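Read the structure below first, then the notes.
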Amino acid sequence: MAIVTVSRGSYSRGKEVAEKVAARLDYTCVGREVILDASDRFNIPEVKLVRAIHDAPSILDRFSHGKQTYIAYMQCALARRARQDDMVYHGLAGHLLLKGVPHVLKVRIVRPLSERVADEMKRKGVGEREARSLILRDDEERRKWTQTLYGKDPWDASMYDLILRIHKLTVADAVDFICKAVGLEQFRATPEARRRIGDLSLACDVKAALVDQYFDVSVTSEFGNVLVFTKAGDRMAHKLEEKVKVLASEMEGIHNVEVHAGVPAPEDAV
Amino acid sequence: MEPLTTEMMLVMGMICVAVFLFVVEWVRVDVVAILMMVSLPLLRLVTPKEAFIGLSSNAVVSIIAVIIIGAGLDKTGIINKLVAPILKIAGTSPSRIVIAISLTVALISSFMQNIGAAALFLPAVQRVSKSLRIPVGRLLMPIGFSAILGGTVTLVGSSPLILLNDLLAPFKLEPFGLFDVTPVGLALVGSGIACFILFGRFILPRGRGDAREEDLSASPESSTLDEVGELYELSTPEDFTDYREPVSIRDLQRRYLVNVVAITEPPDYKVVNPSPDLQVFSGIDLVVCGREKDARRMAENEGMTVKDGLESFKGELAEHASGTVEAVVAPRSSMAGKTLKQLDLQDRYRVTPLAIYRQGETYRSEIGDLALRVGDALAMHGTWKRLQTLQGEGSLLFTTPVDVELMRPEKAIFAGFWLALALVMIMGFKIQLSVCLMTGALGMVITKVLSIDEAYQSVDWRTIFLLAGLIPLGIATEKTGTAAWIAHAVLGAIGTVKPVVLLAVVGVLSTVFTLVISNVGATVLLVPLVVNMALAAHTDPRMAALVVGLATSNSFILPTHQVNALYMGPGRYRSVDFMKAGLLVSVVFLIVMIGTLSMFYGV
């Protein structure tokens, strides 16, 4: 029926909420699996992928573009899973990675800092000061990550459909709310919605196949008409064109593919 | 030597300003020329009459007449019809293709503006390259160079040569005849082509062919227009709009890469080249232009029925009313650098852009966002009337004639007659060039080869003002004695030399000048100078001037010439490619020019 993405900070009990929602709706719950998929498919050690999706890009990443590559792989793996609908994803940045898909319910789970600190103290056996600074550092890292890669603040409420604060609301309450929202007409997987996720997945596949050589490409797909955008100059673009043509003959579902060099990529490009 | 006067210094200052502006291109070259036209009389370096004398000069009137005659020939479609037979003659060997097309282009550009000839063959050459797997870079440069060299075959072939007689007038030297330069010009064209045939493999960039398996079936004579597909008429089902979001023409384009060129709006208004925002309703007919597989895919997915042929729109889309054409973005075109969305051809001209053809790739999808570049070919559909309005605007060089009703093939005989008459007058009766050519142009208007309005529209005012505006600078250089002063200074520095050496130096000087400032600018500045030098060195001043007129076409080392600028993108050339091939051709040019001049005119 729908896809639910749960965005959360550490110790916000988001994972618990996600798992319970999945159990109640009989959806698949996906978290680390996406990383494993990507690691398998593209032969990248899991730890590198985790780091890519958690740590903010360093100065070095600006030159090596490793982060963009790994994120493209993860997005590709996530979009593939999302094609099957009925999924709750509680990994990082689901709301950003599955952009443009109409039947995604974007949830953010927050929890008061004092409770999160208390949990951290209990789990790690550290003092309050240290626990607080660990959590704040983690939050800051995630904020920087989305800021540098997507130019958005994860605490920007306008990105989500539903923000639930686990304090007065219990985990069970949150699960109730989410399940109710999932049942709404807007989150039904219409043929149009399925087409959109199919196109997103196709665009992600194309990008994943190109990104290790052409890190700056952005890809869109609409009804199987794939457009590859690049800032590269003519010569580079020509090489890219040849590679894309080969790709198009190998991949299924591509009706037409073109490389548009020097054209700013649209908002919905991956 | 005379002392340097304030006026001379002012003239030199103005020359420096002009050269500087030519190089940095803060304003367009024709604007620089107008600046000269205005500032020279303000500085009292020329009289107001002299400032504008350029506009009535022999050269400017000749160029106007040549452009009108060229437009007249164009109207008859003779030149466009050359493309297919020439390609047939060219066959499949790269050398033959280069020779056949180069000679044709050189011939055309000896009587017309060479950029037009160059653009005419551009899409054809790209297709030949694709279907025969010859890298396009190996074909375009020889052809482009031939177009430039063709300008040296007659006195009306290029602006510098047309200017020459006017610049010689103050010196009371005998003017040149139309075909006085022909032996030299032919030798230059021949040597240019020979350079590429003999040394092509060393001087041309080594690229790979653009061909892929599926293209082998495409014949070289087929056109880009085949790639944009055919017209298909479809009708939407009665339940087309039920339970769904409204579908617009733009949606169909994005989803199926087909362009709606005609549609009925309920109850039964027929709209040709509709706006992309128009909604598609149930139970209506529409005509799309696209590939068959795309049209069928759309029909299947949207439940439309494909008709066997055009039915409802048989009249509106018949061949005499509308059609699909291809046009190339010209250098200095106001369209270059803009996207189709910004240009809004759909709204302003009511034509439907179908595809962009660039460097061997066809772009169909979301072409509204692509910034057009010089040398891009644009396929469009529209009624002939609207396409002609677009053509009149002058930013695009049409390679398919915007034709049928507006083309006048039956007038070919008149066009040919008036051209021949003008030539006979020039050769047989020693009447001034501008008068003869204007007679030919007038004849074409009177015999309705083209209307007088079409004649006015065809004139490229940029060229006119560039020529007319720089002529006063030449006058000022001469009148104030600046030219004589510099000539004496240079001769004083190099001492006495043989005439041949002097001409060679003049040739090299002109070549350098034409690369940096425009060919017209170089001619205007150098002719008074070299005539003075030649007089002082007791060499034939007419030959020195002719060397300038010819060598200012020696513009190969940098892609500054319009034709080179046009071919640079499509040929995927870099500046270094031009330097490599251009250096050889330039050196050969100078040697052949001096050699033939001394052979025919006994320098």
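Chains A and B are the protein sequences, given in the same order.
For the first sequence, the positions run 4 to 273 when this note's numbering is used.
For the second sequence, the positions run 84 to 686 when this note's numbering is used.
C-beta: ideal position from N, C-alpha, C; glycine also.
Note that the structure is a prediction, hence the values are computed from the model and not measured.
Legend: CB atoms of the region 435 to 457 of chain B lying less than 8 Å from CB atoms of chain A belong to residues Gln442, Glu444, Tyr446, Arg447, Ser448, Glu449, Asp452, Leu453, Ala454. The beta carbon of B:Leu340 falls within 7 Å of a beta carbon belonging to chain A, placing the residue at that interface.
The beta carbons of B:Met463 and B:Pro436 sit closer together than 7 Å. In the structure shown, B:Thr483 falls within a coil segment according to DSSP collapsed to helix, strand and coil. Using a CB distance cut-off of 7 Å, A:Phe226 counts as an interface residue toward chain B. Bridge partners of B:His464 according to DSSP: B:Thr407, B:Thr435. Under the three-state reduction of DSSP output, B:Gly373 falls in the strand class. CA-to-CA, the gap between B:Lys581 and B:Ala620 works out to about 9 Å. B:Ser212 carries a helical assignment under DSSP once its states are collapsed to helix, strand and coil.
Against chain A, the beta carbon of B:Arg337 has neighbours under 9 Å at Glu225, Phe226, Asn228, listed in chain order. Scanning the region 122 to 184 of chain A for uninterrupted alpha helix (DSSP H) segments of 4 residues or longer gives 131 to 153, listed from N- to C-terminal end. Residue environment for B:Ile172: exposed (fewer than 16 other C-beta atoms within 10 angstroms of its C-beta). Counting only residues of its own chain and dropping the five nearest sequence neighbours on each side, A:Ala272 has a CB closer than 7 Å to the CB of Ser221, Val222, Thr223, Phe232. Less than 7 Å divides the Cβ of A:Val262 from the Cβ of A:Glu244. The distance from the Cβ of B:Val507 to that of B:Leu470 is about 36 Å, inconsistent with a contact at the 8 Å cut-off. Within the same chain, Pro243, Ser593, Thr597, Asn602, Ala605, Thr606 come within 6 Å of B:Thr635 by CB-CB distance, once the 5 residues on both sides are set aside.
B:Asp660 carries a helical assignment under DSSP once its states are collapsed to helix, strand and coil. Shown here, B:Ser176 sits in coil according to DSSP, grouped into three states, outside any helix or strand. For B:Ala567, the enclosing alpha helix (DSSP H) has its first and last residue at 565 to 577.
The beta carbon of B:Asn615 sits closer than 6 Å to those of Ala566, Ala567, Ala570, all from its chain and outside the five residues before and after it, given in chain order. The continuous beta strand (DSSP E) containing B:Glu444 extends over residues 444 to 446.
Contact fails between the region 204 to 222 of chain B and the region 234 to 252 of chain B, because fewer than three Cβ pairs, one in each stretch, are under 8 Å apart. Chain B has a Cβ within less than 7 Å of the Cβ of A:Asn259. Interface criterion not met: the Cβ of A:Val220 is under 7 Å from no Cβ in chain B. In the three-state DSSP reduction, B:Val631 falls in the helix class (H, G or I). Within 8 Å of the CB of A:Glu244, the CB atoms of chain B belong to Glu444, in sequence order along the chain.
Within the region 325 to 364 of chain B, the complete beta strand (DSSP E) segments at least 3 residues long are 342 to 348, 352 to 355, listed from N- to C-terminus. Neighbourhood of A:Val231 in chain B, by CB distance below 7 Å: empty, with the nearest CB roughly 11 Å away.
Excluding its 5 nearest sequence neighbours in each direction, B:Phe282 has C-beta neighbours in its own chain below 8 Å: Leu667, listed in chain order. Beta bridge pairing from DSSP links A:Tyr92 with A:Thr8, A:Val33. Distances from the alpha-carbon of B:Ile600 to those of B:Pro86, B:Leu93, B:Val115 put B:Val115 closest.
The beta carbon of A:Val266 sits closer than 7 Å to some beta carbon of chain B. Between A:Tyr92 and A:Thr8, the gap from beta carbon to beta carbon is short of 7 Å.
With fewer than 16 neighbouring CB atoms inside 10 Å of its own CB, A:Gln216 falls in the exposed class. Annotation: A:His106 has no Cβ neighbours in chain B at a cutoff of 7 Å; minimum Cβ distance is about 15 Å.
Residue state for A:Arg111 is assigned as strand, using DSSP reduced to three classes.
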